[in-house]
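Below: the structure, in structure tokens.
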């Protein structure tokens with residue numbers, strides 16, 4: 292018995308072809324694309340809060356890149372050395388309570 296190409300081997304009476312799947316999926320996604328406010332998430336003008344671990348020369352450089360981009364806000368920092376954390380925190384306006392040091396500073 293030859294099986295229909297559209298049912299892809301299904302013997303039940305259920306009919307759902309690739310074409311039907313693509314058209315239904317496209318219709319569903321077009322509604323979400325047309326109205327992005329329906330999709331839950333961050334606001335389009337919201338900034339992403341990041342915490343930086345490692346405030347040495349490379350970490351400070353990367354933190355500066357986040358600041359230059361504008362879509363990010365560095366809200367916390369951690370490093371083994373207190374002087375590195377304080378220098379980075381002062382430069383980026385991070386509150387003293389959000390500056391962490393020591394081997395467990397990343398927690």
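Residue numbers (my numbering): 292 to 398. Beta carbons are placed, not taken as given, at the ideal position from N, Cα and C, and that holds for glycine. Quantities reported herein were computed from a predicted structural model and do not represent experimental measurements.
- DSSP, reduced to helix, strand and coil, places residue 386 outside both helices and strands of the structure shown, so it counts as coil.
- Under the DSSP assignment, residue 343 falls in the beta strand (DSSP E) whose first and last residues are 339–344.
- Your pair residue 368 and residue 343 checks out as a contact, with CB atoms roughly 5 Å apart and the cut at 8 Å.
- If you draw a straight line from the Cα of residue 389 to the Cα of residue 370, it comes to about 12 Å.
- If you look at residue 363, you'll find it in the beta strand (DSSP E) that goes 363–370.
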